[in-house]
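Asker:
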Amino acid sequence: RSKCSFSRLEVILIVCLVLMIMVTVVLLILHFLTLESKDWEDRPSPYPDALPRAAAASWGGLWEQIKHIEIFSHSVISAANSNKVIANYLLGVGRADCTGPVAEIPLMGYANPDQVGSGLLTRLYSRAFIVADLDDSKRVVFVSADIGMVSQRLRLEVLNRLKSKYGELYRQDNVILSGTHTHSGPGGYFQYTLFWLTSKGLIRPSLDAIVNGIVKSIDIAHQNMKRGRLFINRGTVENSQINRSPFSYNENPASERSRYSSNTDKEMVMLKMVDEDGQELGLISWFAVHPVSMNNTNHLVNSDNVGYASYLFEQEKNKGMLPGEGSFVAAFASSNLGDVSPNTKGPFCVNTGESCNNTQSTCPVGGASMCMAMGPGNDIFDSTRIIGQNIYLKAKDLYEKASQEVTGPLSSAHQWVNMSDVSVELNATHTVKTCKPALGHSFAAGTTDGVGAFNFTQGSVEGDPFWDEIRDQLLGKPSNETTACHKPKPILFSTGEMTRPHPWHPDIVDVQITAIGSLAIVAVPGEFTTMSGRRLREAVKREFDSHGRPRMDVVIAGLCNVYTHYITTYEEYQVQRYEAASTIYGPHTLSAYIQLYRGLARAIATNTVQDLPRGPEPLIFNIGNVTLVPPLTADRVPANKTFGDVLQEVRQQYRVREVAEVTFVGANPRNSAENATEHNFLTVERYANTSGSWHVVQNDASWDTRFYWTKGLFGRSNVTIEWHIPHGTEPGIYRIRYFGHYKKKLSNNHSVSSSFEGTSSAFEITTL
């Protein structure tokens with residue numbers, strides 16, 4: 067006993083005690099894993115006060131471990147029960163109006179001087195999406211705006227505004243601005259001479275509206291950042307597009323074409339955003355189709371087919387809200403749409419009805435100006451609705467089934483490049499160069515979606531002596547160097563050699579890639595054709611693969627940052643249809659872009675973005691307020707009338723699918739654009755018997771309303787509002803209201819704008 071030895075009985079008892087303690091611990095762990103949440107801080111310790119201090123301390127430590135196990139397991143169970151998810155990013159979405167003036171402003175897209183705005187079908191919006199690391203060390207911004215394209219002037223002004231508000235948080239390298247490419251939005255936001263000639267100058271109200279809308283949408287997204295997750299999905303969209311230049315596409319190698327089932331990219335890529343509570347935030351969809359269901363006969367400002375898809379998705383998710391309201395944001399962004407048309411019936415001679423699907427898109431009578439594509443609907447409104455609905459339904463299906471999560475770090479790479487002087491290594495022995503900007507004769511021919519003028523035709527590989535002589539006399543003859551560089555393009559406008567009053571085309575161009583985990587967004591400054599886009603995507607993906615970033619999803623975002631017209635393949639360039647004639651940096655433009663974007667992808671994959679040369683920064687030109695848009699004058703009314711008076715009343719009764727129409731004494735809508743950041747020109751209101759009050763059910767962003775402005779003489783004008791009563795409208799009593807501003811001239815040569823409104827008589831909608 068003096069040696070502190072234990073008897074056999076004592077040893078057995080000690081072993082039994084240890085075993086009992088171990089069994090108790092296991093049972094406690096199993097028990098606590100199934101407990102509901104309780105207040106651990108107030109729970110008394112289970113070990114008895116009579117135990118020795120050392121034993122109590124040991125048991126207490128074990129108890130703390132058990133507590134951590136239970137808390138962790140309970141958090142997992144609670145998250146599962148509450149649909150809570152583990153966030154990978156900070157996410158923010160925002161939407162803001164960027165419509166601008168809807169009257170007397172040239173619409174941007176068709177370069178048709180007769181296509182001037184005179185009303186509103188749907189409002190235009192900027193939709194912003196911000197993705198940040200959880201520690202907020204890096205951010206990227208993607209903006210899709212309902213405009214024809216992003217101009218360099220627009221981008222530079224947006225970046226300057228963001229810098230003044232946020233410092234270096236949002237910069238040229240991590241902000242992508244993309245236009246949906248609607249051809250029915252106001253123009254006038256360009257600084258290069260060619261564009262502001264066709265837009266009647268730099269129109270400050272138009273530019274300001276877009277800048278303000280983009281910045282505001284980013285502000286909203288910035289203020290609503292939440293922890294969340296991203297999911298990606300992709301699928302095929304059918305019956306929504308055709309290739310409008312199949313003869314160019316067929317010039318690509320047969321071995322290359324055989325790898326694809328179609329001469330257009332039918333695939334839609336959809337990015338879904340949810341917060342950590344499972345709350346739906348928004349989506350971005352990329353799909354290649356021209357928003358030209360509204361052709362160049364349209365005069366109503368609207369967002370065309372992709373805008374209608376956004377409208378449908380946002381109305382679906384923002385239940386009970388008016389268009390333009392609600393937190394869910396759905397962007398249908400552009401991609402490699404250069405040769406892709408939504409007019410699925412194809413080109414026909416409008417005077418004879420016969421097909422004009424030939425190499426030059428001409429008709430036997432009337433030539434190229436008679437060859438126009440149409441469909442699939444009975445008119446431009448019906449076609450817009452059909453294509454937009456097709457796109458929406460596919461996006462909805464992909465959204466609901468999206469399960470592939472996007473994870474990984476954020477990266478952005480950007481350079482400014484002088485695209486008129488890029489050396490391209492085609493292989494080990496051959497190096498070529500890009501050219502100074504120039505447009506070919508077929509540029510003036512237009513496309514089957516929007517025909518040009520005079521006797522120009524697509525597919526012209528020889529110049530016209532008549533037009534060449536006029537060009538030489540008015541604008542100057544292209545240099546031999548530029549002519550040789552662009553062959554076989556016959557140059558109509560050597561814009562790279564035209565600098566008065568300002569350069570006609572940009573030399574300095576943005577190239578940019580943003581990587582969000584496994585998703586790479588390639589922001590391109592123009593309209594890539596189908597095969598050009600395929601080659602670019604493949605090249606970028608191979609670059610990521612070869613530098614340790616395999617299985618990247620690569621999407622092309624079109625019409626980004628600066629507009630440089632079209633980008634065809636080298637083979638497509640040889641036949642000089644419209645897209646090739648509009649490839650302004652010459653036959654090796656695509657090869658140059660592929661080389662540049664491969665460099666950006668390599669820098670992201672190898673984490674050497676900081677070593678990329680910044681490049682030559684573009685300038686903001688001092689253009690001033692030179693514009694051919696008529697000045698705003700004082701508005702006037704007919705005798706014994708005042709602004710907002712009804713000139714032609716609604717009927718007393720309508721049925722669903724009929725059109726309620728009312729005409730008011732109006733004023734120039736430009737007054738409203740210049741006096742309000744966001745302004746509704748109209749509302750449709752329903753009378754509620756229970757409250758004895760009127761409630762707004764439609765506004766001027768609704769697809770079913772149309773706002774027409776008709777300019778008269780001596781400052782007089784009328785406004786006609788149509789409501790195409792949709793299926794599902796509740797029977798009841800309704801009215802239509804009109805809101806405007808009129809300009810009054812004061813005696814001191816100044817003017818003042820005042821608001822007014824008008825209201826139709828009440829009318830009934832019945833089911834009979």
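This note's numbering numbers the first residue of the sequence shown as 67 and each following residue consecutively.
Note that beta-carbon positions come from the ideal geometry of N, C-alpha and C, so glycine has one too.
Write down every uninterrupted run of the beta strand (DSSP E) in the segment 702 to 754 whose length is 3 residues or greater and which is fully enclosed by it, in chain order.
Answerer: Here the runs fully enclosed are 712 to 714, 719 to 721, 725 to 731 and 748 to 754.
Asker: Can you check whether the CB of Ile574 is closer than 8 Å to the CB of Thr580?
Answerer: no
Asker: Does the contact criterion of 3 or more C-beta pairs under 8 Å hold for the segment 178 to 188 versus the segment 552 to 571?
Answerer: At 8 Å Cβ cutoff, the stretches do not touch.
Asker: With DSSP as the reference, please indicate the residues paired to Lys777 in a beta bridge.
Answerer: Ser783
Asker: So is Ile536 buried or exposed if we call it buried at 16+ other beta carbons inside 10 Å?
Answerer: exposed
Asker: Could you give the uninterrupted runs of the alpha helix (DSSP H) lying entirely in the segment 317 to 351, keeping only those of 4 residues or more?
Answerer: List check, alpha helix (DSSP H) in window: 320 to 323.
Asker: Am I right that Asn746 and Asp766 are in contact with their C-beta atoms under 8 Å? What's the rounded C-beta distance?
Answerer: 5 Å
Asker: Does Tyr374 come out as helix, strand or coil in the three-state DSSP assignment?
Answerer: helix
Asker: Can you tell me whether Phe398 is helix, strand or coil according to DSSP?
Answerer: Correct three-state label for Phe398: strand.
Asker: Helix, strand or coil for Phe379? Go by DSSP, reduced to three states.
Answerer: DSSP places Phe379 in the helix class (H, G or I) of the three-state scheme.
Asker: I'd like the list of long-range same chain contacts for Asn147, defined as Cβ closer than 7 Å, with 5 residues on each side in sequence excluded.
Answerer: Low local confidence applies: a pLDDT of 42 at Asn147 is under 50, so the model's placement there is unreliable, with the coordinate-based value given in what follows. Contacts found: none.
Asker: Closer than 8 Å is the cut-off here; do at least three beta carbon pairs connect the segment 386 to 400 with the segment 340 to 354?
Answerer: yes
Asker: Measure the C-alpha to C-alpha separation of Glu638 and Thr655 and round it to an integer number of angstroms.
Answerer: Cα-Cα distance, rounded: 12 Å.
Asker: Evaluate the contact criterion for the segment 464 to 481 versus the segment 225 to 244: three or more CB pairs, one atom per stretch, below 8 Å.
Answerer: yes
Asker: Of the choices Ser813, Trp262, Gly665 and Ala461, whose alpha-carbon is the least far from that of Asn691?
Answerer: Trp262
Asker: How many whole angstroms separate the CB atoms of Tyr258 and His571, which I take to be in contact at a CB cut-off of 8 Å?
Answerer: 6 Å
Asker: Taking all protein chains shown into account, decide if Leu93 is buried (16 or more other Cβ within 10 angstroms of its Cβ) or exposed.
Answerer: Answer is exposed; the Cβ neighbour count stays below 16.
Asker: Please report the straight-line C-alpha distance between Val472 and Met618, rounded to a whole angstrom.
Answerer: 10 Å
Asker: Specify, as a first and last residue, the run of the beta strand (DSSP E) that Thr832 falls within.
Answerer: Phe829 to Thr832
Asker: Among Gly583, Asp576, Ala623 and Tyr629, whose alpha-carbon lies nearest the alpha-carbon of Gly592?
Answerer: Comparing Cα-Cα distances from Gly592 to each of Gly583, Asp576, Ala623 and Tyr629, the minimum goes to Tyr629.
Asker: On the criterion of 16 or more Cβ atoms from any shown chain inside 10 Å, does Ala754 qualify as buried, or is it exposed?
Answerer: exposed
Asker: Inspect the beta-carbon positions of Thr495 and Asp487 and report whether they are closer than 8 Å.
Answerer: no
Asker: Can you tell me whether Ile135 is helix, strand or coil according to DSSP?
Answerer: Residue confidence is low: Ile135 scores 40 on pLDDT, short of 50, so the model does not pin down where it sits. Its coordinate-derived value is still stated next. In this structure, Ile135 counts as helix in the three-state DSSP scheme.
Asker: Where does Phe532 land, buried or exposed, given buried means 16+ other C-beta within 10 angstroms?
Answerer: When all chains shown are included, Phe532 counts as exposed.
Asker: Compute every distance between the C-beta of Gly542 and the non-hydrogen atoms of the ligand ATP, then say whether any falls below 7 Å.
Answerer: Ligands are entirely absent from the displayed structure, and the ligand ATP is therefore not among its contents.
Asker: Whole angstroms is fine: what's the gap from Glu563's alpha carbon to Pro503's?
Answerer: 8 Å
Asker: So what does DSSP say about Gln307, is it helix, strand or coil?
Answerer: coil
Asker: Do Glu645 and Val596 come within 8 Å of each other at the CB atom, strictly closer than that value?
Answerer: Per the sequence shown, residue 596 should be read as Thr rather than Val. No, they are not a contact pair.
Asker: Quick check: the segment 437 to 457 against the segment 537 to 552, are at least 3 beta-carbon pairs closer than 8 Å?
Answerer: no
Asker: If you compare alpha carbons, which of Arg193, His613 and Tyr155 is closest to Leu296?
Answerer: Tyr155
Asker: Within 10 angstroms of its Cβ, does Pro172 collect 16 or more other Cβ (buried), or is it exposed?
Answerer: For Pro172, the number of other beta carbons within 10 angstroms of its own is at least 16, and it is reported as buried.
Asker: With distances taken from CA atoms, which of Asn368, Asn362 and Gly778 is nearest Gly185?
Answerer: Asn368
Asker: Select from Gln640, Gln661 and Tyr663 the residue whose C-alpha is nearest the C-alpha of Gly652.
Answerer: Gln640
Asker: With H, G and I counted as helix, E and B as strand and the rest as coil, what does DSSP make of Tyr800?
Answerer: strand
Asker: Sorted by chain position, which residues of the same chain lie with C-beta nearer than 8 Å to Gly778's C-beta, five sequence neighbours on each side aside?
Answerer: Asn784
Asker: Could you spell out the range, first to last residue, of the alpha helix (DSSP H) harbouring Gly599?
Answerer: Thr596 to Ser612
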